[in-house]
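Taking it in order: structure first as structure tokens, then the write-up.
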Amino acid sequence: MRARDLVILIGVLLIVAMLIFPLPSPMIDVLIIVNISMSLIIILVAMNMREPLDFSIFPTVLLLATLFRVGLSVSTTRAILSRAEAGSVIDTFGSFVVGSNALVGFVIFLILVVIQFIVIVKGAERVSEVGARFTLDAMPGKQMSIDADLNAGLITEQEAKARREKIEEEADFYGSMDGASKFVKGDAIAGIVIVLVNIIFGFIIGMLQHGMSFAESAATYTLLTVGDGLVTQIPALLIATATGIVVTRAASDGSLGYDISEQLLAYPKLLYIAGSAILLLGLFTPITNFVTVPIAVFLGISGGMLSRGDSADTEKEPDEAKKEEMPESITSPEQVTELLTIEPIEFEFGYGLIPIADANQGGDLLDRVVMIRRQLAIDYGIIVPVIRIRDNIQLQPNEYLIKIRGNEVTRGELLLDHYMAMSPGAEDESVTGIETAEPAFGLPALWVDEAQKDDAEIAGYTVVDPPSVVSTHLTETIKRHAHELLGREETKQLVEHLKTSHPTLVEEVTPTPLALGDIQKVLATLLKENISIRNLPLIFEALADYGQIVKDPKVIAEYTRQMLSRQITKGIVPNNGPLYVITLAGTAEKRIADALQQTEYGTFLSMPPEDSGKIIETIGREAEKLSEMGQTPVILCSPAVRMHVRQLIERQIPNVPVLSYNELEPEVEIQSVGVVNVA
Numbered sequence: 001m002r003a004r005d006l007v008i009l010i011g012v013l014l015i016v017a018m019l020i021f022p023l024p025s026p027m028i029d030v031l032i033i034v035n036i037s038m039s040l041i042i043i044l045v046a047m048n049m050r051e052p053l054d055f056s057i058f059p060t061v062l063l064l065a066t067l068f069r070v071g072l073s074v075s076t077t078r079a080i081l082s083r084a085e086a087g088s089v090i091d092t093f094g095s096f097v098v099g100s101n102a103l104v105g106f107v108i109f110l111i112l113v114v115i116q117f118i119v120i121v122k123g124a125e126r127v128s129e130v131g132a133r134f135t136l137d138a139m140p141g142k143q144m145s146i147d148a149d150l151n152a153g154l155i156t157e158q159e160a161k162a163r164r165e166k167i168e169e170e171a172d173f174y175g176s177m178d179g180a181s182k183f184v185k186g187d188a189i190a191g192i193v194i195v196l197v198n199i200i201f202g203f204i205i206g207m208l209q210h211g212m213s214f215a216e217s218a219a220t221y222t223l224l225t226v227g228d229g230l231v232t233q234i235p236a237l238l239i240a241t242a243t244g245i246v247v248t249r250a251a252s253d254g255s256l257g258y259d260i261s262e263q264l265l266a267y268p269k270l271l272y273i274a275g276s277a278i279l280l281l282g283l284f285t286p287i288t289n290f291v292t293v294p295i296a297v298f299l300g301i302s303g304g305m306l307s308r309g310d311s312a313d314t315e316k317e318p319d320e321a322k323k324e325e326m327p328e329s330i331t332s333p334e335q336v337t338e339l340l341t342i343e344p345i346e347f348e349f350g351y352g353l354i355p356i357a358d359a360n361q362g363g364d365l366l367d368r369v370v371m372i373r374r375q376l377a378i379d380y381g382i383i384v385p386v387i388r389i390r391d392n393i394q395l396q397p398n399e400y401l402i403k404i405r406g407n408e409v410t411r412g413e414l415l416l417d418h419y420m421a422m423s424p425g426a427e428d429e430s431v432t433g434i435e436t437a438e439p440a441f442g443l444p445a446l447w448v449d450e451a452q453k454d455d456a457e458i459a460g461y462t463v464v465d466p467p468s469v470v471s472t473h474l475t476e477t478i479k480r481h482a483h484e485l486l487g488r489e490e491t492k493q494l495v496e497h498l499k500t501s502h503p504t505l506v507e508e509v510t511p512t513p514l515a516l517g518d519i520q521k522v523l524a525t526l527l528k529e530n531i532s533i534r535n536l537p538l539i540f541e542a543l544a545d546y547g548q549i550v551k552d553p554k555v556i557a558e559y560t561r562q563m564l565s566r567q568i569t570k571g572i573v574p575n576n577g578p579l580y581v582i583t584l585a586g587t588a589e590k591r592i593a594d595a596l597q598q599t600e601y602g603t604f605l606s607m608p609p610e611d612s613g614k615i616i617e618t619i620g621r622e623a624e625k626l627s628e629m630g631q632t633p634v635i636l637c638s639p640a641v642r643m644h645v646r647q648l649i650e651r652q653i654p655n656v657p658v659l660s661y662n663e664l665e666p667e668v669e670i671q672s673v674g675v676v677n678v679a
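Residue numbers (full-length UniProt numbering): 1 to 679.
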């Protein structure tokens, strides 16, 4: 435990001791001065903070200070009632400060209590309640704003995390201040009660136990009580004022004194008006000119000095503005470097689609992007980069496009006042609309208006709104190009994350036998065929097993697929049903195997165009038959040629998965519905 923590703990224990044990008068004097000092420090800190969170421990400090004053009040009350004295400090406040006049002191005490309780405490309490309510109400909007800035690339993940933490701290702080303001209110009420108790019971004890006369008892206990009330209420007033400053303080770049001087003295001409009013007050009223004239002159001189300062600043501003407006030389290294940046993912849209991205117009595209990134992380195990969203005046009003690594990969068109209706297979002539194609999968669809929406749903059409159309298109585009988005930097992030939970496994794989680039190629190969890499520990087990033997990342990926057989099977085989496949005849597999060429850079397929064309044509025909049966086409072949069959058909038939026998679980029921042969 650190020394500072120990001091706080001991201090709390001493406060408890003050409530139990009587204290000698010299110690009471010391504690009273400590109380005043603490109050001064608290109000000075409150005045010099830049924003309320700079003094985030204020509610706790307020509670401890209130507890300390309670203990001190108990000690002074015990001393006054039992010994008819409570130290030199209270005696000084009762005699010197109020001139030994108990009535004057009591009036001063009442003024302090009224100002503290009615003015400061009531206002601070109300501001705390409103501040806590507004802060909590604004939390969802602030969170959405942070997510929007993060998705738009305006801030980094670290900055977003820091902002979210600050929002949580603000909510906790204002919630605590709402309760802490009740401490101050209760403290003010307790001060009044303690004074009344001391006067009434002190007067009785003085006459009955100490043998004082009526006048002597009244004078003694009234002065002591008033002195005790003043030394207690002055620190309480300072802390109540500090509470008001904290809850009414807005975030600023300067202290309270700096902001007051900057804002109150921002208009020098108003000082002339105020000075003139004070001067006229002295001239046309009996108020002595000795008071009004110096103040009026001071205000006039201050206004003149501030006016000259503003004039000098105004003359400097054009020159500084010209310097700022001077463009950097086009050969500037910094400017050229900024132009080299290419965003991983960009979503651009015409001006007619601005409402789907503008939260002020009810658009939720930014929220959907957040969900897309999270869902892809869960489904595919990839960290999707920040998606840059911007409008593009070169596009048609209702058009949008998606770029990957700076190149356009797809585009689409939306009608914001319509819904997209996709047919279940059988067309219904009663449903009419604007013919189009679903952008993610190319399915035929219709744009229907609000009046046709219910009819389309009754007819069995799948009806979706424009934001859902574009979010689905964006999701599928990222899936298709996930292997392009996974570079070495992204791979390093995944490896570092895995290292926190599987350090031994990572050390066995990289940097030897596999470099970071080799790992990236294996992962990209898996993603290219729509295989999730979320199970990174199992993938690294395969890399550790085969990385020592095989150096070709594509071949390592084949072995990795076999270790992921359960995952691959679950993703393709329907529940409780057979897997309908297209198989390759032995002659076709032999023709492919004979066409393989070994080079120093790996194995490549070099097949005559007539043979490759015949295989592709046959696979396409059989896949179409399976699709007409309502089944997902799957090609099944031996492990030796699987990679090359995929390479052969990926341009013409990219959506048909190619599996090897080793990638299916033994319990899977397989039914061959077509055979690919080469005569």
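Note that CB positions come from ideal geometry on N, CA and C, so glycine has one too.
**Report entry** Option nearest His483 by Cα separation, candidates Gly206, Pro344, Glu169, Glu665
**Finding:** Within the sequence shown, numbered from 1, the residue matching residue 483 stands at position 483. Checked all of Gly206, Pro344, Glu169, Glu665; the closest Cα to His483 is Pro344.
**Report entry** Alpha carbon of Lys122 to alpha carbon of Glu157, nearest angstrom
**Finding:** Reading the sequence shown from its first residue, position 122 is the one you call residue 122. Reading the sequence shown from its first residue, position 157 is the one you call residue 157. Cα-Cα distance, rounded: 42 angstroms.
Query raised in the report: For Thr241, which residues from the same chain have a beta carbon less than 7 angstroms from its beta carbon, with the 5 sequence-adjacent residues on both sides left out?
Result: Position 241 of the sequence shown, counted from the first residue, corresponds to residue 241. Same-chain partners within the cutoff: Ile43, Ile120.
Query raised in the report: Whose CA, out of Lys570, Pro574, Ile582, Gln647, lies closest to the CA of Ala595?
Result: Residue numbering aside, residue 595 sits at position 595 when the sequence shown is read from its first letter. Nearest option by C-alpha distance: Gln647.
Query raised in the report: In three-state terms, what does DSSP make of Phe173?
Result: To locate residue 173, count along the sequence shown from 1; it is residue 173. Three-state result, Phe173: helix.
Query raised in the report: DSSP three-state call for Val369: helix, strand or coil?
Result: In the sequence shown, the residue the question calls residue 369 occupies position 369. Reduced to three states, the DSSP call for Val369 is helix.
Report task. Pull up the DSSP beta-bridge partners for Ala437, would you. Result -> If you number the sequence shown from 1, residue 437 lands on position 437. Looking at the DSSP assignment, Ala437 forms a beta bridge with Pro444.
Query raised in the report: Are Ala124 and Val30 closer than 8 angstroms when you measure CB to CB?
Result: The residue labelled residue 124 in the question sits at position 124 within the sequence shown. The residue labelled residue 30 in the question sits at position 30 within the sequence shown. No, they are not a contact pair.
Report task. Go ahead and pull the three-state DSSP assignment for residue 696. Result -> Because the chain is modelled from 1 through 679, residue 696 falls outside the range shown and cannot be assessed.
Query raised in the report: By how many angstroms is the C-alpha of Ser660 removed from the C-alpha of Gly571?
Result: Counting from 1 along the sequence shown, the entry for residue 571 is found at position 571. Counting from 1 along the sequence shown, the entry for residue 660 is found at position 660. One C-alpha to the other measures close to 15 angstroms.
Query raised in the report: How about Leu230 and Phe93: do their beta carbons lie closer than 8 angstroms?
Result: Stepping through the sequence shown from its first residue, residue 230 is reached at position 230. Stepping through the sequence shown from its first residue, residue 93 is reached at position 93. Yes, Cβ-Cβ distance for Leu230 and Phe93 is below 8 angstroms.
Query raised in the report: Looking at C-alpha atoms only, which residue of Val114, Phe106, Gly460, Gln671 is the closest neighbour of Ala218?
Result: Taking the sequence shown and counting its residues from 1, the one referred to as residue 218 is at position 218. With distances taken between Cα atoms, Ala218 lies closest to Phe106.
Query raised in the report: Where are the alpha helix (DSSP H) runs, 4 residues long or more, that stay fully inside the region 359-433, in chain order?
Result: 365-380
Report task. Quick one: using the 10 Å Cβ neighbour count with 16 as the cut-off for buried, is Asp518 buried or exposed? Result -> As a working note, residue 518 is residue 518 in the sequence shown. Label assigned to Asp518: buried.
Query raised in the report: Counting along the chain, where does the alpha helix (DSSP H) carrying Gly11 start and finish?
Result: On the sequence shown, position 11 is the one that residue 11 refers to. For Gly11, the enclosing alpha helix (DSSP H) stretches over residues 3-20.
Query raised in the report: Thinking just about the alpha-carbon of each residue, which of Gly87, Thr76, Phe68 is nearest to the one in Pro26?
Result: The residue you call residue 26 lines up with position 26 of the sequence shown. Nearest option by C-alpha distance: Gly87.
Report task. Could you tell me whether the Cβ atoms of Thr477 and Leu526 are closer together than 8 angstroms? Result -> To locate residue 477, count along the sequence shown from 1; it is residue 477. To locate residue 526, count along the sequence shown from 1; it is residue 526. Not a contact, by the Cβ cut-off of 8 angstroms.
Report task. Kindly indicate which three-state DSSP category residue 748 falls into: helix, strand or coil? Result -> With the chain running from 1 to 679 in the structure shown, residue 748 is simply not present.
Query raised in the report: Considering only the beta carbon of each residue, do Gln671 and Pro609 sit closer than 8 angstroms?
Result: Your numbering for residue 671 matches position 671 in the sequence shown. Your numbering for residue 609 matches position 609 in the sequence shown. No, they are not a contact pair.
Report task. Following the continuous beta strand (DSSP E) through Ile120, name the residue where it begins and the one where it ends. Result -> Translated into the one-based positions of the sequence shown, residue 120 becomes position 120. Premise fails: Ile120 is in no beta strand (DSSP E) and is neither H nor E.
Query raised in the report: Taking the Cβ atom as the reference point for each residue, do Asn398 and Glu413 lie within a distance shorter than 8 angstroms?
Result: Within the sequence shown, the letter at position 398 stands for residue 398. Within the sequence shown, the letter at position 413 stands for residue 413. Contact: yes.
Query raised in the report: With distances taken from CA atoms, which of Ile393, Leu340, Leu416 is nearest Gly363?
Result: In the sequence shown, counting from the first residue as 1, residue 363 sits at position 363. Of the candidates Ile393, Leu340, Leu416, Leu416 places its Cα closest to the Cα of Gly363.
Report task. Would you check if the distance between the CB atom of Val645 and the CB atom of Leu564 is smaller than 8 angstroms? Result -> Numbered from 1 along the sequence shown, position 645 holds the residue referred to as residue 645. Numbered from 1 along the sequence shown, position 564 holds the residue referred to as residue 564. No; because the gap between Cβ atoms is not below 8 angstroms, this pair is not in contact.
Query - Span separating the alpha-carbon of Val197 from that of Val34 - result: Position 197 of the sequence shown, counting from 1, holds the residue named residue 197. Position 34 of the sequence shown, counting from 1, holds the residue named residue 34. Answer to the nearest angstrom: the Cα atoms are 25 angstroms apart.
**Report entry** Tyr351 - containing alpha helix (DSSP H), residue span
**Finding:** Residue numbering aside, residue 351 sits at position 351 when the sequence shown is read from its first letter. Element bounds for Tyr351: n/a, residue is neither H nor E.
Requested in this report: Tell me whether Ile330 is buried or exposed, calling it buried when 16 or more other Cβ atoms sit within 10 Å of its Cβ.
Outcome: Stepping through the sequence shown from its first residue, residue 330 is reached at position 330. Note that Ile330 scores a pLDDT of 47, beneath 50, so its modelled location is shaky and nothing firm can be said.
Query raised in the report: Since Leu474 contacts Ile402 with CB under 8 angstroms, what's their CB separation in whole angstroms?
Result: Position 474 of the sequence shown, counted from the start, is the residue given in the question as residue 474. Position 402 of the sequence shown, counted from the start, is the residue given in the question as residue 402. Confirmed, about 6 angstroms.
Report task. Compute the distance between the beta-carbons of Ala175 and Ala132, then report whether it is under 8 angstroms. Result -> Along the sequence shown, read from residue 1 onward, the residue named residue 175 stands at position 175. Along the sequence shown, read from residue 1 onward, the residue named residue 132 stands at position 132. The identity of residue 175 in the sequence shown is Gly, whereas the question assumes Ala. Closer than 8 angstroms, so yes.
Query - DSSP-derived helix/strand/coil call for Leu514 - result: In the sequence shown, the residue the question calls residue 514 occupies position 514. For Leu514, the three-state secondary structure derived from DSSP is coil.
Query - Sufficient close CB pairs (3 or more, under 8 angstroms) joining the region 260-272 to the region 301-308 - result: yes
Report task. For Leu270, name the three-state secondary structure that DSSP assigns. Result -> Here residue 270 corresponds to residue number 270 of the sequence shown, with the count starting at 1. Helix at Leu270.
Requested in this report: Give the single residue among Arg411, Glu427, Ile434, Thr599 whose Cα lies nearest to the Cα of Met420.
Outcome: Locating residue 420 in the sequence shown gives position 420, where the first residue counts as 1. Comparing Cα-Cα distances from Met420 to each of Arg411, Glu427, Ile434, Thr599, the minimum goes to Ile434.
Query raised in the report: Which residues bound the beta strand (DSSP E) around Ser672?
Result: Locating residue 672 in the sequence shown gives position 672, where the first residue counts as 1. Here the beta strand (DSSP E) through Ser672 covers 670-676.
Query raised in the report: Whole-angstrom Cβ separation of Leu605 and Val673, contact assumed at under 8 angstroms?
Result: Locating residue 605 in the sequence shown gives position 605, counting from the first residue. Locating residue 673 in the sequence shown gives position 673, counting from the first residue. In this structure Leu605 does not touch Val673 by the C-beta definition: roughly 26 angstroms separates them, more than the 8 angstroms allowed.
Requested in this report: Write down every uninterrupted run of the alpha helix (DSSP H) in the region 534-575 whose length is 4 residues or greater and which is fully enclosed by it, in chain order.
Outcome: 536-546, 553-563, 565-572
**Report entry** Opening and closing residue of the alpha helix (DSSP H) in which Ile582 lies
**Finding:** Here residue 582 is taken as the residue at index 582 of the sequence shown, counted from 1. Note, Ile582: premise wrong, no alpha helix (DSSP H); beta strand (DSSP E) at 579-584.
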